Amino acid sequence: MERGAAIPAIARYFWSPGFGEGWAEYAEQLADEMGVYSSDTARLGALADLTLSAALLVVDTGINAFGWTRDDGIQFLEAHTRVPQIRAEVPVDRYPVWPAQGLSYALGRLEIRRLRALAEQTLGAKFDIKTFHDRVLEDGAVPLPLLRDKIERWLTAPR
Numbered sequence: 008m009e010r011g012a013a014i015p016a017i018a019r020y021f022w023s024p025g026f027g028e029g030w031a032e033y034a035e036q037l038a039d040e041m042g043v044y045s046s047d048t049a050r051l052g053a054l055a056d057l058t059l060s061a062a063l064l065v066v067d068t069g070i071n072a073f074g075w076t077r078d079d080g081i082q083f084l085e086a087h088t089r090v091p092q093i094r095a096e097v098p099v100d101r102y103p104v105w106p107a108q109g110l111s112y113a114l115g116r117l118e119i120r121r122l123r124a125l126a127e128q129t130l131g132a133k134f135d136i137k138t139f140h141d142r143v144l145e146d147g148a149v150p151l152p153l154l155r156d157k158i159e160r161w162l163t164a165p166r
């Protein structure tokens with residue numbers, strides 16, 4: 008499959024938070040998987056970021072689906088993460104005007120991990136992590152449904 012095949016140009020040139028933020032979190036986990044973190048403190052920082060991601064998912068949902076107030080969101084982040092109030096205020100103020108943005112981190116990471124597991128299962132011994140990453144990244148930050156379709160087409164294409 009050629010680069011960009013079946014991916015609309017508009018999808019290749021605009022930012023998709025699910026892809027961009029998801030790839031960032033996937034890469035943090037990949038670094039841990041590869042043993043890149045040089046100390047327990049560095050690894051703990053990466054794990055704290057994942058905890059923050061999960062908490063942001065809860066806060067975004069709380070604000071946009073369950074009527075949480077600004078103070079509810081800030082208090083939740085302060086109670087469940089290590090972020091100071093000033094850092095908690097930024098996403099809490101953003102979510103009412105950008106609903107579901109807080110979900111993009113975890114959902115994107117989970118979708119990329121799911122696609123990787125599918126590729127590993129489908130390709131078996133022929134699975135190559137670099138080739139998988141090249142396929143994921145080659146068209147830019149496309150929306151997750153387009154990424155899913157693209158990877159599934161790649162996996163079912165004749166070899």
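Those letters in the sequence shown? Residues 8 to 166, per the numbering used here, in order.
All C-beta atoms, glycine included, are put in the ideal place defined by N, C-alpha and C.
No experiment lies behind these values; they were computed from the predicted model shown.
With DSSP as the reference, label residue i as helix, strand or coil.
{"i": "Thr76", "result": "coil"}
{"i": "Ile14", "result": "coil"}
{"i": "Ser45", "result": "coil"}
{"i": "Phe26", "result": "helix"}
{"i": "Leu122", "result": "helix"}
{"i": "Trp161", "result": "helix"}
{"i": "Phe139", "result": "helix"}
{"i": "Val104", "result": "coil"}
{"i": "Arg166", "result": "coil"}
{"i": "Pro150", "result": "coil"}
{"i": "Arg89", "result": "coil"}
{"i": "Val99", "result": "helix"}
{"i": "Phe21", "result": "coil"}
{"i": "Pro83", "result": "According to the sequence displayed, residue 83 carries Phe and not Pro. Of the three classes helix, strand and coil, the one that applies to Phe83 here is helix, per DSSP."}
{"i": "Glu145", "result": "coil"}
Give me the residue from the options with the minimum Cα distance to residue i.
{"i": "Leu114", "options": "Thr163, Gly147, Leu57", "result": "Leu57"}
{"i": "Leu122", "options": "Gly69, Ile17, Phe26", "result": "Phe26"}
{"i": "Arg142", "options": "Leu125, Phe21, Lys157, Lys133", "result": "Lys157"}
{"i": "Gly69", "options": "His140, Ala49, Pro24, Pro106", "result": "Pro106"}
{"i": "Leu151", "options": "Pro24, Pro15, Ile17, Tyr20", "result": "Pro24"}
{"i": "Tyr102", "options": "Ile93, Gln128, Ala72", "result": "Ala72"}
Tell me whether the beta-carbon of residue i lies closer than 9 angstroms to the beta-carbon of residue j.
{"i": "Leu64", "j": "Leu110", "result": "yes"}
{"i": "Ala55", "j": "Tyr44", "result": "no"}
{"i": "Arg160", "j": "Gln36", "result": "no"}
{"i": "Ala2", "j": "Leu153", "result": "The chain is shown from 8 up to 166; residue 2 falls before or after that span and cannot be answered."}
When the Cα atoms are used, what is the spatial distance from residue i to residue j?
{"i": "Arg89", "j": "Leu117", "result": "23 angstroms"}
{"i": "Leu51", "j": "Pro165", "result": "43 angstroms"}
{"i": "Ala5", "j": "Ser46", "result": "Outside the shown range of the chain, which is 8 to 166, sits residue 5, and nothing can be said about it."}
{"i": "Pro91", "j": "Lys133", "result": "46 angstroms"}
{"i": "Ile14", "j": "Tyr112", "result": "22 angstroms"}
{"i": "Met8", "j": "Glu145", "result": "Any reading at Met8 is ruled out, since the residue's pLDDT is 45, under 50, leaving its predicted position unreliable."}
{"i": "Val149", "j": "Asp135", "result": "22 angstroms"}
{"i": "Glu28", "j": "Ala61", "result": "13 angstroms"}
Does at least one heavy atom of the ligand ADP sit under 8 angstroms from the Cβ of residue i?
{"i": "Ile136", "result": "Only the bare structure without any ligand can be found here, which leaves the ligand ADP out of the picture."}
ask   = Would you call the region 30 to 49 and the region 73 to 85 in contact, with 3 or more CB pairs under 8 angstroms?
value = Taking 8 angstroms as the limit for Cβ pairs, the verdict is that the region 73 to 85 does not touch the region 30 to 49.
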